[in-house]
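In what follows, a single structure is set out as structure tokens and then discussed.
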Amino acid sequence: MAITVKPIPTLSGDAAEVFLRQQMENEEKRGSVDFSEQISIARKILEKSKVGK
19 MAITVKPIPT
29 LSGDAAEVFL
39 RQQMENEEKR
49 GSVDFSEQIS
59 IARKILEKSK
69 VGK
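Going by our numbering, 31 is the number at position 13 of the sequence shown; the sequence numbering is gapless.
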């Protein structure tokens, strides 16, 4: 017995333009995470345990 597949909704017209504009704005605002503090803590732990050498 076959199950009918529902079509995937696609954006078109104004909704698609708004979506793309928001996507571009969010890409420009995207920040990065600074893990330098966590890396230094991990290195100190490894130096204490003498595993990092």
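A virtual CB, placed ideally from N, CA and C, is assigned to each residue, including glycine.
Source: prediction; values computed, not measured.
Problem - Pick from Leu-38, Val-23, Arg-48 that is closest to Ser-30, judged by C-alpha positions - result: The residue from Leu-38, Val-23, Arg-48 with its alpha-carbon nearest to that of Ser-30 is Leu-38.
Problem - As assigned by DSSP and simplified to three states, the class of Phe-53 - result: The three-state secondary structure of Phe-53, taken from DSSP, is coil.
Problem - Reduced DSSP category for Met-42 - H, G, I as helix; E, B as strand; rest coil - result: Met-42: helix per DSSP, three-state reduction.
Handout entry: Nearest candidate by alpha-carbon position, reference Asp-32, set Gln-40, Glu-55, Val-51
Key = Looking at the Cα atoms, Gln-40 is the closest of the given residues.
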